[in-house]
Every structure is written in C-alpha cells, then in structure tokens.
Amino acid sequence: MSIPEHRRETYASLIARVDRIEAGLRRHGVGEGDVVACSLSNGIGYVAFILAVAKAGAVYVPMIREFDGADRARALDLTGPVLMVVDGTRAVEAPGRPTVRLGALEAAQPRPSPGSRAPARGTFRYLWTSGSTGFPKMMSWRQDSFLAERRRWVRHTGLNDTDVFFCRHPIDVAHATDLHMFAALLSGARLVVTDPDTDPAVMLEQVIACGTTVMSALPRHYDQFADIAEKSGGADLSRVRLPFCGGTYVGPNMVERCERALSLRIRRLYGSTEFGLAAVDLVGRGAADAFLPLVPGVEARLEPLGHRDGGIGELVLRSPHTSDGYLNDARAHARTFRGGEYRTGDVAERNASGEYRILGRVSETLSAEHGLLLAPALDEDIVLHCPVAEAVSVPVAPDGRGQAVRVLVRPRGEVGTAEAAAAVRRRLESHGLRGDVRATDRMPYTAVGKPNKAAIRRMWDVPAEEPAQPAG
C-alpha cells in the first residue's frame, strides 16, 4: 500500500509489475552487472523497480535526496550507470546519460518468469551511508549475501504474514529497504509506504489507521510522536508489537517517554548499512536495560580504547552474510573491513551475558571529570537538565577524547538564547567540560533522521583547537 499514491497492490500484481519493468530495463540495454541509477519518490513503483533490477542481475544505485548538483555529478562519476530511471517528482540532471521514466519501462512486454531460482551471486546494489559527517561513503552488497542476511533476520524476529509494516523512510536508504521493504516481502506481510515529509501528526494518525504492527524509526521520530501525544492527551500505539528503534544512540529518556505517552515498549536494535543487523532486543526490556543480544550467526568482540574503563571498547563484528565494503574510500575500507571483521567505529559495553550496550561513536568520546562520556549521552543529559528541546554535541578533537565540545541547542518554548546557552555551559562545567554553545530554531537532520553533524560543524568557523566563548 502506498499512501502518497492512494494505491494498493497485491503480491500477484506486484510480481507482474516487476516483470514488466525488468523487460523494460532489458529493452534499454541493461544486462547482468550493469549499474542503473534512480531518482524516485516513495511508492510501489520504487519497490517494483528494485526487485526488477535484482531480477535482471543488475545493480541499482539511488541518487539520494540530500545530493545537490555537484554531489549527484560525483555520485554518477563514481558509479557509471548505463541508465538513469526517474519518475518526474524530482529535478534531476544526468548530462550524457540515457534517462527514462519508470512508467515507460512498464510498457514493455515481459518474458515468462522462470520458476524458483537461486539468488544471483553478483552485486545487486550500491547504497550510501547516512552522510551525517560529510559526503557519504558508497558500499556494495551481493544479492546472495543480502538475501541470506534478510532471511536470517525474518526467522529471528518471528515476522509473519499477519504483520503490517509502516515505512516512513525514503526507500533510497537501508532503513527503509532492509527493515521494512524486504522484511515485509520475505515474510508475506503487508507493507505500507508513506511520504517521508508527511507532517508528524498526520503520520501518527497513519500509523494507527493502518493497524501497524512493525515499524522502525530513529529516536527523533519517536520523540516527535511523543510530543504530539503529550499535547493531545496521549496516543495508543500498543498494537505495534515490534516498535524498533536504532540508527543512532537510543537513550533511556526517550524509551520512558514512549511507554508513557504512546503505550510503546521500544525494541532497541543495532546494525548498519554496511554490516546488516547485529543485535536486537525483541522483548522490550525498557529504559533501564539497554544491553542487546546478538542476532544468531553474528560474532562480536571489543577492541580496547586505551583507557581504564574495563568492559568498554570499539565494537568489532563478524558475520557470514555482510556487504563487500566501501567502493569510493579505500582508506575507510582498509580501516573498517579487516580480516573478515567489521570495525563499527562505535563504543560499546559488554555484560556478563555477552550482550552489548551501544554508547556512541568512538569519535564522540569526551574526557569528562568522572571518565569517558559519549556525546549522545551528554545530549540527553543536557535536554534533561537544561531548558532546551534538542541538543547535539560535537567534540572539537577530530577523534574525540578531549574536553572541548561544541553544542548546538534548540531552546524550549519561550526560553531565550542567552538563558539556554548559560544553562548548558553550567551543565558542561559540571562534567568537567568546556565549550561553545549556540542556538538554532531548527536542528539540521539528514533525510534518515540523524543529526547532520557535518552541517553543524560548518556553523563554527573558529579554529578547532580552541572553542570560542560567547560574548557576555
């Protein structure tokens, strides 16, 4: 079901649509291993397009919404697509590259579909990382590895054909395709796709009206729903049996708010576009217990960070079903993918049961008075103790571990900038930290919903070594 298109599709009609698009791709010269770029809005057509590319043995690469003209040109040069597929909803330029409307591809006469067959072993997609710290890295997944990883997830989570998945994310990104689209299709469930730009109050109504049982969102998205519910006297989302939350740090305050305002028991999960899903809480342990059991088949260890806090380190993962790594950043690939292991860049803590609690990025560690403090935990602490609705902290040192930090805040209600900044500075001092605090009326986020830290860093034009102190 596509809410923006006011359209429903059965599995049978979806398969027929996939067959037509695949025939259209072949008519335009797309063969096995060829790269096909796309610039499409959320809808059933986008879902069918991805499946058609996979059926053709080709590779799809989305031109994500954050790309400006220069970024798009760079992405096209990196991927070398033989065809660009558009739907007319976005202004896209691809000079010198054949471009076709998705609707035109569907006009082709499909070939008879073969019976069941093994997944192709070649690459089936290039996806971009979130880009929250700069131009996104591009990574590739083989079709067979991806399908095995998704089937493992469906088995482990108990997804089935009675579920209703609600997808609020751009289908450009893995949070949409992996946790919603493919999980729903492989379990025979109902998939509901909406416009990511829908007003949060309207989206909350959609979640309820669709009878949603499974969805995954970032903390900011759940906070938006909780804000609306608290102002209106509450909202009952208890029918959502698996309200997953991940993609960034998930703090206890948000988990408590959701239970109180939305009747939701948040299920934390952990994974990445590059690795797949690694750990998940399937029972809703609540705010106090943030340790996650590993998904079967995933192995993990901690790489020491060189400090005295035992049981904490960089999380390193291993799985038989994962991506082939980065294609446009050799240095990052060599650092991240080594010896069959994936170095996550995330700080985690392990308990005696072998479960892991995700604390934040290695680059976001701060040397606070009482030990290491991760920037996301600092942000939540600031929101809890200061008159601000949102806070995003960026360590000054590029690899973290310093005491200097820059904090962008959105003051709460009618609170003035000076009052909010002064309160935040006092809170920083209580942790033995120092920093520059600035205010905004609109926090920058990526299309996925993560704080856009690259944009936040650009707001500061002072030397990185010494944060500026506000006048007065």
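Numbering follows this note's numbering, with no gaps: position 165 of the sequence shown is 549. Ideal placement from N, C-alpha and C gives every residue a C-beta, glycine not left out.
- No Cβ-Cβ contact shorter than 9 Å links P795 with A806.
- Counting along the chain, S751 sits inside the beta strand (DSSP E) bounded by residues T749 to A752.
- By the CB criterion at 9 Å, T632 and P835 fall inside the cutoff.
- With respect to the 9 Å criterion, V799 and A759 are not classified as neighbours on the basis of their beta carbons.
- Secondary structure within the segment 756-804: the beta strand (DSSP E) runs of 3 or more consecutive residues, fully enclosed, are 772-779 and 788-795 (chain order).
- In chain order, S571 place their CB closer than 6 Å to the CB of N544, counting only its own chain and leaving out the 5 sequence neighbours on each side.
- Beta-bridge pairing by DSSP links V682 to no other residue.
- Between I428 and R391, the C-beta gap is smaller than 9 Å, which places the two residues in contact.
- Pairing L792 with V832 gives a Cβ-Cβ distance that is not under 9 Å.
- G660 is bridged by DSSP to S656.
- Of G681, H717 and D713, the smallest CA-CA separation from R702 is found for G681.
- Beta-carbon to beta-carbon, I612 and A585 are separated by about 5 Å, close enough to satisfy the 8 Å threshold.
- When C-alpha distances from A645 are compared across L621, V667, G668 and E753, the shortest belongs to L621.
- The residues F549 and A568, in chain order, have a CB closer than 6 Å to that of L575 in the same chain once the five nearest residues on each side in sequence are set aside.
- Excluding its 5 nearest sequence neighbours in each direction, K439 has C-beta neighbours in its own chain below 7 Å: V402 and E406, listed in chain order.
- If you look at C422, you'll find it isn't in any alpha helix (DSSP H); it sits in the beta strand (DSSP E) that goes V419 to S423.
- The secondary-structure analysis by DSSP pairs C551 across a beta bridge with V577.
- Here the alpha carbon of P603 sits roughly 24 Å from the alpha carbon of A684.
- Less than 9 Å divides the Cβ of G695 from the Cβ of R734.
- For T507, the enclosing beta strand (DSSP E) begins and ends at T507 to W512.
- According to the DSSP assignment, E490 belongs to no alpha helix (DSSP H), since it is labelled neither H nor E.
- Residue burial annotation: D665 is buried, with at least 16 other C-beta atoms found within 10 angstroms of its C-beta.
- Contact between T728 and L699 holds, with the beta-carbon distance rounding to 5 Å and staying under 8 Å.
- In the three-state DSSP reduction, Y444 falls in the strand class (E or B).
- D763 counts as buried, since no fewer than 16 other beta carbons sit within 10 angstroms of its beta carbon.
- Under the three-state reduction of DSSP output, M587 falls in the helix class.
- In the DSSP assignment, V731 falls within the beta strand (DSSP E) that extends over E725 to R734.
- By alpha-carbon distance to L648, the top candidate from G660, D461, G618 and V419 is G618.
- The DSSP-derived three-state label of D825 is coil.
- Looking only at Y654, E490, A400 and Y740, the smallest Cα-Cα distance to S600 is reached by Y654.
- Taken atom to atom, the span from the alpha-carbon of D452 to that of G472 is near 17 Å.
- Residues of the same chain with a CB within less than 6 Å of the CB of R785, apart from the 5 flanking positions on each side, are T749 and S751 in chain order.
- When DSSP states are grouped into helix, strand and coil, F628 belongs to the strand group.
- Counting of Cβ neighbours within 10 angstroms places K615 among the exposed residues, the total staying below 16.
- Inter-residue distance for G697 and G738 is about 14 Å (C-alpha atoms, whole angstroms).
- For L467, the enclosing beta strand (DSSP E) has its first and last residue at L467 to V470.
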